[in-house]
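2 protein chains.
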Amino acid sequence: MKVKKCEILQELFKTGIDAVSPERVVKRAVKRDGNVLHVDGKCYFLRDFERIYVIGAGKATAPMARVLEELLYDRIAGGGVVVKYGHGLPLEKIAVYEGGHPIPDESSYRGTESVLNVVRDVSERDLVFCIFSGGGSALFVSPLEPLTLADKQVTTDALLRAGAPIEAVNTVRKHLSKVKGGRLARFIYPACVITVLLSDVIGDRLDVIASGPTVPDTTTYDDCYRVLHDYGIWDEVPEAVQRIVNQGRAGLIEDTPKSGDPVFEKVQTTVAGNNRLALGAAAEVARRNGYNVVVVTSRLQGEAREVAKVLAAMVEEILFGQGIEKPPVCLLFGGETTVTVKGSGTGGRNQELALALAIALKNVPGWSGFSVGTDGTDGPTDVAGAMVDGEVFKKAVAKGLDPHAFIRNNDSYNFFKQMGLLVKTGPTRTNVMDMICLLIDGM
Amino acid sequence: MKVKKCEILQELFKTGIDAVSPERVVKRAVKRDGNVLHVDGKCYFLRDFERIYVIGAGKATAPMARVLEELLYDRIAGGGVVVKYGHGLPLEKIAVYEGGHPIPDESSYRGTESVLNVVRDVSERDLVFCIFSGGGSALFVSPLEPLTLADKQVTTDALLRAGAPIEAVNTVRKHLSKVKGGRLARFIYPACVITVLLSDVIGDRLDVIASGPTVPDTTTYDDCYRVLHDYGIWDEVPEAVQRIVNQGRAGLIEDTPKSGDPVFEKVQTTVAGNNRLALGAAAEVARRNGYNVVVVTSRLQGEAREVAKVLAAMVEEILFGQGIEKPPVCLLFGGETTVTVKGSGTGGRNQELALALAIALKNVPGWSGFSVGTDGTDGPTDVAGAMVDGEVFKKAVAKGLDPHAFIRNNDSYNFFKQMGLLVKTGPTRTNVMDMICLLIDGM
Numbered sequence: 128m129k130v131k132k133c134e135i136l137q138e139l140f141k142t143g144i145d146a147v148s149p150e151r152v153v154k155r156a157v158k159r160d161g162n163v164l165h166v167d168g169k170c171y172f173l174r175d176f177e178r179i180y181v182i183g184a185g186k187a188t189a190p191m192a193r194v195l196e197e198l199l200y201d202r203i204a205g206g207g208v209v210v211k212y213g214h215g216l217p218l219e220k221i222a223v224y225e226g227g228h229p230i231p232d233e234s235s236y237r238g239t240e241s242v243l244n245v246v247r248d249v250s251e252r253d254l255v256f257c258i259f260s261g262g263g264s265a266l267f268v269s270p271l272e273p274l275t276l277a278d279k280q281v282t283t284d285a286l287l288r289a290g291a292p293i294e295a296v297n298t299v300r301k302h303l304s305k306v307k308g309g310r311l312a313r314f315i316y317p318a319c320v321i322t323v324l325l326s327d328v329i330g331d332r333l334d335v336i337a338s339g340p341t342v343p344d345t346t347t348y349d350d351c352y353r354v355l356h357d358y359g360i361w362d363e364v365p366e367a368v369q370r371i372v373n374q375g376r377a378g379l380i381e382d383t384p385k386s387g388d389p390v391f392e393k394v395q396t397t398v399a400g401n402n403r404l405a406l407g408a409a410a411e412v413a414r415r416n417g418y419n420v421v422v423v424t425s426r427l428q429g430e431a432r433e434v435a436k437v438l439a440a441m442v443e444e445i446l447f448g449q450g451i452e453k454p455p456v457c458l459l460f461g462g463e464t465t466v467t468v469k470g471s472g473t474g475g476r477n478q479e480l481a482l483a484l485a486i487a488l489k490n491v492p493g494w495s496g497f498s499v500g501t502d503g504t505d506g507p508t509d510v511a512g513a514m515v516d517g518e519v520f521k522k523a524v525a526k527g528l529d530p531h532a533f534i535r536n537n538d539s540y541n542f543f544k545q546m547g548l549l550v551k552t553g554p555t556r557t558n559v560m561d562m563i564c565l566l567i568d569g570m
Numbered sequence: 128m129k130v131k132k133c134e135i136l137q138e139l140f141k142t143g144i145d146a147v148s149p150e151r152v153v154k155r156a157v158k159r160d161g162n163v164l165h166v167d168g169k170c171y172f173l174r175d176f177e178r179i180y181v182i183g184a185g186k187a188t189a190p191m192a193r194v195l196e197e198l199l200y201d202r203i204a205g206g207g208v209v210v211k212y213g214h215g216l217p218l219e220k221i222a223v224y225e226g227g228h229p230i231p232d233e234s235s236y237r238g239t240e241s242v243l244n245v246v247r248d249v250s251e252r253d254l255v256f257c258i259f260s261g262g263g264s265a266l267f268v269s270p271l272e273p274l275t276l277a278d279k280q281v282t283t284d285a286l287l288r289a290g291a292p293i294e295a296v297n298t299v300r301k302h303l304s305k306v307k308g309g310r311l312a313r314f315i316y317p318a319c320v321i322t323v324l325l326s327d328v329i330g331d332r333l334d335v336i337a338s339g340p341t342v343p344d345t346t347t348y349d350d351c352y353r354v355l356h357d358y359g360i361w362d363e364v365p366e367a368v369q370r371i372v373n374q375g376r377a378g379l380i381e382d383t384p385k386s387g388d389p390v391f392e393k394v395q396t397t398v399a400g401n402n403r404l405a406l407g408a409a410a411e412v413a414r415r416n417g418y419n420v421v422v423v424t425s426r427l428q429g430e431a432r433e434v435a436k437v438l439a440a441m442v443e444e445i446l447f448g449q450g451i452e453k454p455p456v457c458l459l460f461g462g463e464t465t466v467t468v469k470g471s472g473t474g475g476r477n478q479e480l481a482l483a484l485a486i487a488l489k490n491v492p493g494w495s496g497f498s499v500g501t502d503g504t505d506g507p508t509d510v511a512g513a514m515v516d517g518e519v520f521k522k523a524v525a526k527g528l529d530p531h532a533f534i535r536n537n538d539s540y541n542f543f544k545q546m547g548l549l550v551k552t553g554p555t556r557t558n559v560m561d562m563i564c565l566l567i568d569g570m
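Chains as they are written, first to last, in this note's numbering: chain A, 128 to 570; chain B, 128 to 570.
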C-alpha cells in the first residue's frame, strides 16, 4: 500500500475514534457556563439543585465521570460508576468500582449496590447524571430480591441455548433486575435526571444501551412468561425466577415503568457519542483530502464475508463510473458484523471483512480501505482490524499465501500479519462498534 | 401493501424487464438506415458485404435473431441459433435449433455443428452477426475432436466437485472446445464480425458471457494443466482430455487466440442489454413517481439473507434521515445473490432475500420493495420473486406464521404465497440477472 494512502487511512480511523473518546463526547454534550448547564439544547440552572450526583456503568464511564467531576467539581455531592477490571481511574468525588465483563460477577453486583446507595435518598431538589456506555448491561447488575446473580445467569444461558433472539433475552433480563428497563429512573424519582449515553448498539436504541436503566420499557411480565414458555425453558429456570415472573403477572411486583410513567417526566436522555459521530469525523478528514464522501450507513450488520461482497459490488460499480458517486470516493460504513467461526485460525470480524474484500476485489486496482473496531480490539486479537487494497491479494499469492485458505480457516489475523497490514491502536477506552472505510481513487 | 405502492413496484419491474427484452436490446443496438448499418457508434456499409449471416446461441437468441432477420431480410444469406427447448421461434432465413440447458445434450451439439456449417466457408467479404445470451455456454457446444460431450461433462463435474472456482472451470472448458475462448472468431476469420450480447453475468465480462466465443482468451493449455493438477483430478479426467491438454502444451494444438491476434481485428462486440440497462429503465419510472433514485450497484453478490441485512441497514439509515439520500428514495440493486440451502422448503434467491428484508426491518414502517429475477424464474419456482414491505412481518405473525421458521427452512415461496406477495411474470425470454428495488417513503 502506498505510504500516502496508508497515512490518509490512519488519519481517518484515528480521527473517527478520537471523536468518540469518552472525554470528548461528554465535553461536547454537557457544557457549563457559570451557573448554567447546557445539555443538548436544554438549560439547567445549577442554583435549582441542592445536590448533584454522577452514577453509571460501562467500560468508558470512568473517563466520562472524570469530565463531569471536573466540570461540576464545586457542586458534586457524590457518585459512583462500575467499570470493567482495569478500566478504573482515581476520581475524587465519584467512586469507581471494577467488575466482571462480559460475565457479571460478585464485584459488579457489589459495585452496583454501592452506586445505588449513593442515590438512595435523593429528592426532587437533586440532579442525578446517569452515564452509561458499552458493557453497562453486565456491569450494572442488581437482581430483584430474592434472586441471585446465578439465577439470572442460568436463565439467560438457557434462553440463549434455546435460540432466543437478543430481544427476548432482554425482555426477561429487564424483569429480573432492580435497575434495568427504566427501574433505575423509578429508583431515583423524583430527582432530576440527565442520562448521557455512549452508544455501542445499532441504531442507538435507548432501551438497549445498558438495558435502558432510565428509559421506558415496552415489555411486561406477561411477555417474560410467554418467552420462557415459547422457548420451552420454563421448567429449566430457577424456581425463584418463576416466582418473580408469576408475582409480576399477578401484580404483586410492580412491572417495569412504561412510556408516560411520571418517573420519566424529569429525565433527559442524550446520546453523546455513537458510531455516526465517528463516521462524521472521519468523513471530514476524507473531504479535506479531496474525496467525495458517502456515509452509507451506521447500521451495518450481517456475516462479515458476505457483507464484504456487497461493499465490493458498490466499489466496483464506482470504479466503472456508474456508482453512487464519481471517484475519488470515500465510502464509510459503521455497525457490527458477525463471524460464524468454522476454522481454527485467529481473527476478528473486521479483519475477516477486510480479507473478504481483498478476495472479492482481487483483480481490481484503484481502491484501499480498512475495517476496525473502535474499541481497538477485533475478536480475540490485540489489533483493531486491518487495512486492505486491490494489490494485497496479488502480493499475498506472490508470497506463496493463499487468501482463500486463510478465510476458510477464519485466520484473517495471520494473513494480515504476514502482509504487514494489521491496524494496532491499543485499547481506546471507547466503543461505538466498527468503522469501515473504502477509498476509491479510480483505475 | 397499499394498492398504489404495489402498482408502482409492478410498473418498476415490468419496465425494467421490458427494457432488456431480446427484441428491444437488438433494436437499440443495431440500426439500419437504408444501406448503412449503425452499431454502437460504428457504421457499416451494406454494399461492402457479399453475404450476411446470423449465428449464435442462448435462451434469448431466437427473438434476437428475428429482429435481425426483419432488419436485414433482403440481405441475410443464412444462419442458425441454438436455444433451450421450448424457446424456439419459426424464422425464415435463420435456422433455430433447440437443445438441453443447463446440461448440454446431443441436440445442443448437433445444433451447434449445423450453425458452424453455415459459416464454414465465409470470406473477408462477408459479415457475420454473432448473438449470444444467457445459456449460451451450455447451448453452444462443440468439443474439440476427438472429445465427446461426455468427456467434457465428466471433466467439468470433477472440477466442480473438487471445489474449483468458476474461473478455473472455464479455463479448462474453453480449451476443450472448438468455439469457446475466441475460437469461434478464429473459425469465422477473415469475415467481418459483429457480436451482440445480452449479458447475464456480473460486470458483463465478455470472456464469460457464453464463454466468449469471439473474445480474446487470457488462459493457456499450461493453465489447464495446472488447474487439473491443483485440484487433484488430473488422474480422474478422461484420457482423451489429458491428451488434448498435453498436445496443447506441446504446441500440437493451437491455443485459444489471445488479445492482439489478427482474428479479432474485424470483430466489434456490443453489450446490447445488461442488468444496468434494466435498472436504468426502472430508475426512470421511480423518478417519474417522485423518488430520489440511487442505483447502488449492478454487481450485487453474496448469500441472499446476509445481503438483505446490508440493504436493510441502508434503508434504515435513510428512514432516520441520515442515509445517502433524503426520502422519498428509491434504491436499486442488480446482480445475482446465492442461497446455501439447508432447509427442505421451496424458494429462490429473490424470495429469500425479500423474506430476509422483512425480518431485518420487521419493526420499521415506511418502506416497500421487491426482488425479482428478470427471467421470470426464481429458483425452482414458477414465480419471479416477491414484493415485501415493513408490514408483512407483523401481518404474518398475526396470521400465525413465523417468518423466522420459513427462512430457516428456505421456504420463502410458501411464506409469500400465503401473504399474497409473490411476483408472477411468466417466462420473460430474457435474463440480465436480478433486480432489487426498495422504495423508502419515510415514517
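Yeah, the Cβ is synthetic: ideal placement off N, Cα and C, and Gly gets one too.
Because the structure is a prediction, the values reported are computed rather than measured.
- In the structure shown, Thr-239 of chain A adopts helical secondary structure according to DSSP, grouped into three states.
- Any Cβ of chain B closer than 8 Å to the Cβ of Ser-498 of chain A would place that residue at the interface, and such an atom is absent.
- Per DSSP, Lys-469 of chain B lies in no beta strand (DSSP E) and is assigned neither H nor E.
- Counting of Cβ neighbours within 10 angstroms places His-165 of chain A among the exposed residues, the total staying below 16.
- The beta carbon of Ala-410 of chain B lies closer than 8 Å to those of Val-420, Val-422, Cys-457 and Leu-459 in the same chain, with the five residues before and after it left out.
- Identification of residues in the segment 431–443 of chain A having a C-beta nearer than 7 Å to some C-beta of chain B yields Glu-433, Val-434, Lys-436, Val-437, Ala-440, Met-441 and Glu-443, given in sequence order.
- Within chain A, the residues whose beta carbon sits less than 7 Å from that of Gly-462 of chain B are Ala-440, listed in sequence order.
- Taking the beta carbon of Gly-450 of chain B as reference, the chain A residues within 9 Å of it are Val-422, Val-423 and Thr-424, listed in sequence order.
- By DSSP's assignment, Gly-226 of chain B forms a beta bridge with B:Lys-211.
- Proximity of Gln-374 of chain B to chain A, defined by a Cβ-Cβ separation below 8 Å, is not satisfied.
- One finds Glu-443 and Phe-447 in chain A with Cβ atoms closer than 8 Å to the Cβ of Gly-330 of chain B, taken in chain order.
- In the DSSP assignment, Gln-369 of chain B falls within the unbroken alpha helix (DSSP H) covering 366–376.
- Scanning A:Thr-322, A:Val-157 and A:Leu-276 for the CA closest to the CA of Val-368 of chain A turns up A:Leu-276.
- For the options A:Leu-427, A:Val-434, A:Thr-424 and A:Gly-429, the alpha carbon positioned closest to that of Gln-428 of chain B is the one of A:Val-434.
- By the Cβ test, the segment 149–159 of chain A is in contact with the segment 184–194 of chain A, since at least three Cβ pairs between them sit closer than 8 Å.
- The segment 529–545 of chain B makes no contact with the segment 167–175 of chain B: fewer than 3 CB pairs, one atom from each, lie closer than 8 Å.
- Between Leu-216 of chain B and Cys-257 of chain B, the beta carbon gap of about 18 Å keeps them out of contact (Cβ cut-off 8 Å).
- No Cβ of chain A is located within less than 8 Å of the beta carbon of Gln-478 of chain B.
- Cβ neighbours of Asn-537 of chain A within its own chain (closer than 6 Å, five residues either side excluded): Val-468, Gly-470, Gly-472 and Gly-474.
- In the DSSP assignment, Leu-287 of chain A falls within the alpha helix (DSSP H) that extends over 276–288.
- By the rule that beta-carbons nearer than 8 Å mark a contact, Leu-427 of chain A touches chain B.
- For Arg-403 of chain B, the nearest CB of chain A lies under 8 Å from its own CB, placing it at the interface with that chain.
- Between Arg-556 of chain B and Thr-188 of chain B, the alpha-carbon positions lie close to 9 Å from each other.
- Within the same chain, Cβ atoms closer than 6 Å to the Cβ of Thr-346 of chain B are found at Thr-298, the five residues on either side in sequence being excluded.
- Ile-380 of chain B and Ile-371 of chain B have their C-alpha atoms spaced approximately 8 Å apart.
- Ranked by Cα distance from Ala-222 of chain A, the options A:Asp-232, A:Phe-259, A:Thr-341 and A:Thr-239 are led by A:Thr-239.
- By a beta-carbon distance limit of 8 Å, Ser-425 of chain B does not contact Ala-337 of chain B. Their separation comes to about 19 Å.
- Annotation: Tyr-171 of chain A is outside any alpha helix (DSSP H); the continuous beta strand (DSSP E) that includes it extends over 169–172.
- With a threshold of 16 other beta carbon atoms within 10 Å, Pro-343 of chain B meets it and is buried.
- Look at Asp-561 of chain B here: in three-state DSSP terms it is strand.
- The alpha-carbon of Ala-511 of chain A is positioned some 51 Å away from that of Ala-156 of chain B.
- Around Pro-273 of chain B, the same chain offers Ala-367 as residues with beta carbons nearer than 7 Å, after the five sequence neighbours per side are excluded.
- Counting the other Cβ atoms within 10 Å of the Cβ of Ala-525 of chain B gives fewer than 16, which makes it exposed.
- Looking at the DSSP output, Glu-430 of chain B bridges to B:Thr-465.
- Per the coordinates, the alpha-carbon of Tyr-180 of chain B lies some 48 Å from the alpha-carbon of Leu-482 of chain A.
- The beta carbons of Tyr-418 of chain A and Leu-566 of chain A sit closer together than 8 Å.
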